[in-house]
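Following: one structure in structure tokens, then a few remarks.
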Amino acid sequence: MTDSRIAKVQLGGEGPEVGVQGLGCMGMSWAYGPADAGESRATLERALEAGVTLYDTADAYGAGENEKFLSPFFKEHRDEVVIATKFAISTSPDDPMKRIIRNDPPYIRQCVEASLKRLDVDVIDLYYMHRRDVNVPIEEAVAAMAELVREGKVKHLGLSEVTAGELRAAQAVHPIAAVQSEWSLFSRDIEAHVVSAAKELGVALVPYSPLGRGFLTGSFANADTDLTDQDFRRTMPRFTGENAAANVVLLEPIRAVAEAHGASPAQIALAWVQQQATVHGLPVVPIPGTTKRSRVEENVAATRIVLTAEELALLEPIAAKVAGDRYPDMTFASAGRE
């Protein structure tokens, strides 16, 4: 297996070394309908064999159930894996679909203690602020996170869906290892400001949903008809109705490039994200999510695909043509604050 393991890269100037592709674990417990626990555990093991060492979860995924599910795997391979989890999102007891965002220091401390307990570890390798509560100065929140580093509960800090200005303000308080934001052939708003700020500050980018939540793979064409009632993609504007019909057409250039490489559309979409490290000159570690070993093997193979300048040019116009927002409420993302 040694020769087939993916390359490694460092997250930020002081962050951990990880494989150039991570694994998003959310779907193993939540969001995309039922998952087979046995296959999910086997998927974790197969990813590690392939050199994937960054495993991404959050306290919000299944109300802590995802952290609990991952705990036995992490304990068995503690010295081989980098555990990334997050705080900031909770749900209203009165309305489970309503998200509550909190960044206040007492809440941060409450969250880290709960995550440590669910994960059953002494320290979290990479602790992210999952979303920004704009009512709390980011300097105050990051100072509270920095306290956790000094206390040995957390090794490195990360931010998710922040603006370039918020990243700079945070970095002035404590080194930030990584920024996690959506980045794919369908979602490129971070290129306007955040990517250049991250490069300037020596911060890595960790793209989530690099496969457009599966849409870029061709695994579904319309969430209303192709996905189960439990799948939260049915709430996302770009995957339903007329938007979905318009967006399916945009997959044609991806399929054409895939055919030229003897690859799958998913591999081309991932290769494009991986190649942004070279395009923009900073570490980029996408975290495609899957619950299947076969998909891990397909995904990691994409790290070895190099797209030509002509192919990059063919894919370039896609994002500007996408119909529909990433979320029903875009205050949940950073783009609206830039």
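Under the numbering used here, think of the first position of the sequence shown as 218, with each following residue one higher.
From the three backbone atoms N, C-alpha and C, an ideal C-beta is built for every residue, glycine too.
Quick one: what's got a C-beta closer than 6 Å to residue i's C-beta in the same chain, skipping five residues either side?
i, result
"Gly553", "Met547"
"Val474", "Ile485, Glu528"
"Asp321", "Val353"
"Gln231", "The identity of residue 231 in the sequence shown is Glu, whereas the question assumes Gln. Closer than 6 Å at Cβ, skipping near neighbours: Pro392."
"Thr380", "Ser551, Arg554, Glu555"
"Val564", "Here the chain covers residues 218 to 555 and nothing more, so residue 564 does not appear."
Taking the alpha-carbon positions, what's the residue i to residue j distance?
i, j, result
"Leu444", "Arg450", "8 Å"
"Glu330", "Val366", "13 Å"
"Gly382", "Gly255", "43 Å"
"Ala361", "Asn439", "42 Å"
"Gln238", "Ile300", "14 Å"
"Leu418", "Val501", "14 Å"
"Pro424", "Asp273", "11 Å"
"Thr442", "Pro545", "19 Å"
"Gly279", "Val298", "22 Å"
"Ala388", "Ser481", "Note that residue 388 corresponds to Gln in the displayed sequence, not to Ala. Their backbone Cα atoms lie some 38 Å apart in a straight line."
"Pro392", "Lys416", "13 Å"
"Gly435", "Pro323", "43 Å"
"Val351", "Thr495", "33 Å"
"Val359", "Ala386", "9 Å"
"Ile341", "Val371", "5 Å"
"His294", "Thr452", "36 Å"
"Glu356", "Glu399", "23 Å"
"Ile325", "Ala275", "13 Å"
"Val235", "Gln397", "15 Å"
"Arg498", "Arg349", "Here residue 498 turns out to be Gly, not Arg, going by the sequence shown. Taking the straight line joining both Cα atoms gives about 26 Å."
"Phe286", "Ser426", "21 Å"
"Ala536", "Val412", "16 Å"
"Glu555", "Phe549", "13 Å"
"Ser221", "Ala477", "23 Å"
"Gly229", "Val269", "18 Å"
"Arg512", "Ile522", "16 Å"
"Asp311", "Ile317", "12 Å"
"Ile172", "Gly281", "Lying before the first or after the last residue shown, residue 172 is absent from the chain, which here runs from 218 to 555."
"Asp339", "Trp489", "36 Å"
"Gly541", "Asn460", "6 Å"
"Gln327", "Ala526", "48 Å"
"Glu368", "Thr457", "46 Å"
"Gly241", "Pro503", "9 Å"
"Gly479", "Ser307", "43 Å"
"Phe161", "Arg319", "For residue 161 there is no data in the structure shown, the boundaries of the chain being 218 and 555."
"Thr520", "Arg472", "18 Å"
"Ala267", "Glu378", "28 Å"
Assuming the contact rule is C-beta atoms closer than 8 Å, residue i and residue j should be a hit. Round their C-beta distance to whole Å, please.
i, j, result
"Leu532", "Gln492", "About 10 Å separates the two Cβ atoms, so there is no contact after all."
"Ser309", "Lys303", "The Cβ separation is near 19 Å, so there is no contact."
"Leu374", "Tyr344", "6 Å"
"Gly429", "Phe437", "Not really, about 11 Å apart at Cβ, beyond 8 Å."
"Leu433", "Ser401", "7 Å"
"Ala394", "Val420", "7 Å"
"Ala414", "Val390", "15 Å between Cβ atoms; not a contact."
"His347", "Ala277", "7 Å"
In the DSSP assignment, what residue or residues form a beta bridge with residue i?
i, result
"Asp273", "Gly241, Ala301"
"Gln227", "Glu234"
"Arg316", "Thr308"
"Glu399", "Tyr425"
"Leu376", "Met346, Val396"
"Tyr249", "Asp448"
"Gly506", "Gly241"
"Val501", "Leu422"
"Ile341", "Val371"
"Ser288", "Paired residue(s): none; Ser288 is not in a bridge."
"Ser404", "Ser401"
Taking 8 Å as the limit between beta carbons, can you name the residues of its chain near residue i, skipping five residues before and five after?
i, result
"Arg510", "Glu256, Ala259, Thr260, Arg263"
"Asn516", "Gln238, Ala483, Gln484, Leu487, Pro505, Thr507"
"Ala252", "Gly244, Met245, Ser246, Thr508"
"Leu265", "His294, Glu297, Val298"
In its own chain, which residues sit with a C-beta less than 7 Å from the C-beta of residue i, not counting the 5 before and 5 after it?
i, result
"Val539", "Phe403, Arg455, Asn464, Leu467"
"Gly250", "Thr445, Gln447, Asp448"
"Pro470", "Leu531, Leu532, Ile535"
"Glu284", "Thr274, Asp276, Thr302, Ser332, Arg335, Leu336"
"Ser288", "Arg335, Leu336, Asp337"
Can residue i be considered in contact with the ligand ATP, in the sense that its beta carbon sits closer than 8 Å to one or more heavy atoms?
i, result
"Gly506", "In the structure shown, the ligand ATP is absent, as is every other ligand, since no ligand is present at all."
Self-check item: the region 334-344 contacting the region 398-410, beta-carbon criterion three pairs below 8 Å
Solution: Using a Cβ-Cβ distance cut-off of 8 Å, the region 334-344 and the region 398-410 are not in contact, since fewer than three pairs of beta carbons, one from each stretch, lie closer than that value.
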